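Engineer: Chains A and B are the protein sequences, given in the same order. Quick note on numbering: our numbering labels position 85 of the first sequence as 85, and the sequence is numbered without any gaps. Quick note on numbering: our numbering labels position 69 of the second sequence as 69, and the sequence is numbered without any gaps. We treat Cβ as the ideally placed atom computed from N, Cα and C, and that holds for glycine. Since this is a predicted model, take the numbers as computed values, not measurements. Here you go, one structure.
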Amino acid sequence: MSDTSNPIRRFHAGEPQAFAEIIGAYKDDVYTICLRMLGPDQAEGATETIFLEAHQAMYRLQPDTILDDWLLRRTVEHTLQAVPNANADALNESSALIQRILNELEPTFRIAVILRDVLRLSEDKIADILDLPLGTARSRIHRGRLTLGRNFSPHLDQT
Amino acid sequence: MDSFFARNRLSAYLDRTLPKSEAEAVSEAIARDISLSADLQSVQQALNLLHESGREVAPNGFQARCLAAISEQPVPGSQVAWLQRRISRIPTELVALAGAAIIVGIALQQGEQAEPTVQVVPAAPQEAVPTQTVEPEPVEIMEPTAETAEAPTTKKTAPKRTVRKKPSTEAAPFSTTSPLAYRILHGGDQVLYDIAAIADSAGGRLVDVHGKLYTPHSLNEARSFSQLYLVTPMSTAAEAHKRLTTRSGMSPYPLEGPKPPLAEDEFVFLIEAQL
């Protein structure tokens, strides 16, 4: 990636548009993780907090950092440390159903399933983001999916 | 392939990442086992739902609101931000040392300018101590200087008492009924191991907000911040508090947010550690 297209270098050079482009590129991914991990009541606030903290942290970020891994890792850490709110009333029917069955998963399995089956990331990337060996990441995805299927079976008639 | 092994491969089977022979064996197992087939169907449908409706977009106007909030922060690359970054890297101890040096310098200067009013007599050193009234609890009296002790018969020119406030690193009053939170700024990349050492010495454990054991790790540019809880027995909480306050260099503040699950005889500290 050249210097002119590297958003971290542009940010360090003081280009104000650089961080706006980063928000534009990743806001939906970050918001989706926050929504599915914390619920709709906290999702927007958490997303904003993550971007504000990322903005400050970017001053010290190495330019060769893989930006999406870094940002998603910060998002995962933030959501795993926060306390979720199970309320899904603000969502539409299918989104609320997803929220309910995801809420029944342990957070460590839930985040693995969200990264794999909502954001559709590769297993390698998920292992990097979660800072886990590939086998452990695969196992979490697998176990999360099986539990998800079991939790979902009572709702089969709703789909 | 029996159902147990086939079930363990369902995820890879759905992702079509199994070798052909294994995929065929799983297909056969699914055809034989009704419960396995039902599991596959429910997982498949749940994943279809996630693929279709799991992703959400950020609310309208989010980007503008976020940028507005960011605009309140220092502008990247500006001289102010540059200065703030440099200042933030100066260790707290150095600032405290410089402050103490300034106070001592001013005190000495004032002492030299003052008229001599008291003669220090070695036979009765307690009488030589000035009688200025000082609140005993919040302040600490400086010890007489070596110069005073070595030359007792000379007239001293600094009878004024110099007082100083207790440093902020001194442990604040501690109560086992009020959980505390600590910030460790510029703690270095090994700060989490320091906290783990405090936990070990207090017979406690490090956990996350859900009570799961927290594994310390090195902080770096990519992972520069960590929030964790130290749970200790009540009997060692005061000692842990003292050590955390020393390590933090700042007074703790009351912990009002969520806490991990605790036993009756346990106490919790929140620690926010930064590289």
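Whole angstroms is fine: what's the gap from B/PRO252's alpha carbon to A/VAL118's?
Structural biologist: Using only the alpha carbons, I get a separation of about 40 Å.
Engineer: Under 8 Å between C-beta atoms, does A/ALA57 make it to chain B?
Structural biologist: Yes, its Cβ sits closer than 8 Å to a Cβ of chain B.
Engineer: Give me whichever residues DSSP pairs with B/ILE271 in a beta bridge.
Structural biologist: Looking at the DSSP assignment, B/ILE271 forms a beta bridge with B/TYR182 and B/LEU228.
Engineer: Buried or exposed for A/SER5, please, with buried defined as at least 16 other CB atoms from any protein chain shown within 10 angstroms of its CB.
Structural biologist: Label assigned to A/SER5: exposed.
Engineer: Please name the residue, chosen from B/CYS66, B/PRO258, B/ASP208 and B/ALA38, that lies closest to B/PRO179 on a Cα-to-Cα basis.
Structural biologist: When each option's Cα is compared against that of B/PRO179, the closest is B/PRO258.
Engineer: Skipping 5 residues on each side, what residues in its chain have a beta carbon closer than 6 Å to that of B/GLY204?
Structural biologist: Taken in chain order, the residues that qualify are LEU230, VAL231 and THR232.
Engineer: Listing by chain order, which chain B residues have their CB less than 9 Å from the CB of A/SER95?
Structural biologist: Simply SER53, GLY54 and GLU56.
Engineer: With a threshold of 8 Å between beta-carbons, can A/GLN81 be considered close to chain B, or not?
Structural biologist: True, the Cβ-Cβ gap to chain B drops below 8 Å.
Engineer: Taking only beta-carbon atoms, is B/ILE70 less than 8 Å away from chain A?
Structural biologist: Judged by the 8 Å Cβ criterion, B/ILE70 is in contact with chain A.
Engineer: Run the CB neighbour count on A/ALA46, radius 10 Å, all protein chains shown included, and call it buried at 16 or more, exposed below.
Structural biologist: Per the 10 Å Cβ criterion, buried.
Engineer: List, in chain order, every chain B residue whose beta-carbon is nearer than 7 Å to that of A/GLY45.
Structural biologist: Chain B residues near A/GLY45: none, gap ~11 Å exceeds 7 Å.
Engineer: Between A/GLU48 and chain B, is the shortest Cβ-Cβ distance under 8 Å, so that the two count as touching?
Structural biologist: It does; some Cβ of chain B falls within 8 Å.
Engineer: At 4 residues or longer, what runs of the alpha helix (DSSP H) sit wholly inside the stretch 62-141 of chain A?
Structural biologist: Entirely contained in the stretch 62-141 of chain A, the alpha helix (DSSP H) runs reaching 4 residues are, in chain order, 67-81, 93-103, 107-113 and 123-130.
Engineer: Near A/LEU160, which residues of its chain fall below 7 Å by C-beta distance, leaving aside the five closest residues on each side in sequence?
Structural biologist: No information on residue 160 of chain A is available, as it lies outside the stretch 1 to 159 that chain A covers here.
Engineer: Could you tell me which residues DSSP puts in a beta bridge with B/GLU52?
Structural biologist: DSSP output for B/GLU52 lists no bridge partner at all.
Engineer: Considering only C-alpha positions, which residue in the set B/SER35, B/GLU264 and B/LEU10 is nearest to B/THR177?
Structural biologist: Ranking the options by Cα distance to B/THR177, first place goes to B/GLU264.
Engineer: Counting only beta-carbon atoms, is A/THR75 nearer than 8 Å to chain B?
Structural biologist: Closer than 8 Å: no.
Engineer: So, is A/LYS27 buried or exposed, given that buried needs 16 or more other C-beta atoms within 10 angstroms?
Structural biologist: So A/LYS27 ends up on the buried side.
Engineer: Assuming the contact rule is C-beta atoms closer than 8 Å, B/ILE184 and B/ILE271 should be a hit. Round their C-beta distance to whole Å, please.
Structural biologist: Confirmed, about 7 Å.
Engineer: Within this structure, are the beta carbons of B/LEU40 and B/LEU10 separated by less than 8 Å?
Structural biologist: Yes, Cβ-Cβ distance for B/LEU40 and B/LEU10 is below 8 Å.
Engineer: Would A/MET37 and A/ILE101 be called neighbours here (beta carbons separated by less than 8 Å)?
Structural biologist: No, they are not a contact pair.
Engineer: Between A/LEU146 and chain B, is there a C-beta pair that is closer than 8 Å?
Structural biologist: It does: the Cβ of A/LEU146 has a partner Cβ on chain B nearer than 8 Å.
Engineer: Taking C-alpha atoms, which residue in B/VAL43, B/GLN110 and B/GLU221 lies nearest to A/ALA57?
Structural biologist: Among B/VAL43, B/GLN110 and B/GLU221, the Cα nearest to that of A/ALA57 is on B/GLU221.
Engineer: Which residues of chain B have a Cβ atom closer than 7 Å to the Cβ of A/THR32, listed in chain order?
Structural biologist: By Cβ distance, chain B contributes ARG55 and GLU56.
Engineer: What do you reckon, are the CB atoms on B/ALA273 and B/SER226 nearer than 8 Å?
Structural biologist: In this structure, B/SER226 lies closer than 8 Å to B/ALA273 by Cβ.
Engineer: Taking the Cβ atom as the reference point for each residue, do A/LEU105 and A/LEU148 lie within a distance shorter than 8 Å?
Structural biologist: In this structure, A/LEU148 lies closer than 8 Å to A/LEU105 by Cβ.
Engineer: What three-state label does DSSP hand A/PRO40 in the structure shown?
Structural biologist: DSSP places A/PRO40 in helix when its eight states are reduced to three.
Engineer: Strictly below 9 Å CB to CB, what residues from chain B border A/LYS27?
Structural biologist: By Cβ distance, chain B contributes VAL57, ALA58, PHE62, GLN63 and CYS66.
Engineer: Does DSSP put A/PRO16 in a helix, in a strand, or in coil?
Structural biologist: If DSSP states are grouped into helix, strand and coil, A/PRO16 belongs with coil.
Engineer: Is there a Cβ from chain A that is less than 8 Å from the Cβ of B/GLU221?
Structural biologist: Cβ-Cβ to chain A under 8 Å: yes for B/GLU221.
Engineer: Quick one: what does DSSP say B/LEU213 is sitting in, helix, strand or coil?
Structural biologist: Note: B/LEU213 maps to strand in three-state DSSP.
Engineer: If distances are taken between C-alpha atoms only, which option among A/HIS142, A/THR32, A/PRO63 and A/LEU67 comes closest to A/GLN99?
Structural biologist: Nearest C-alpha to A/GLN99: A/THR32.
Engineer: Quick check: B/ALA240 and B/ALA202, are their CB atoms within less than 8 Å of each other?
Structural biologist: Yes, the Cβ-Cβ distance between B/ALA240 and B/ALA202 is below 8 Å.
Engineer: Work out the CA separation of B/LEU108 and B/ALA123 for me, nearest whole Å.
Structural biologist: Summary for B/ALA123: the model assigns pLDDT 47, below 50, so the residue's position carries little reliability, and this model does not support an answer.
Engineer: For chain B, check one thing: does any of its Cβ atoms lie closer than 8 Å to the Cβ of A/ASP68?
Structural biologist: So, not an interface residue.
Engineer: I need the DSSP call for B/LEU67, collapsed to helix, strand or coil.
Structural biologist: It is helical.
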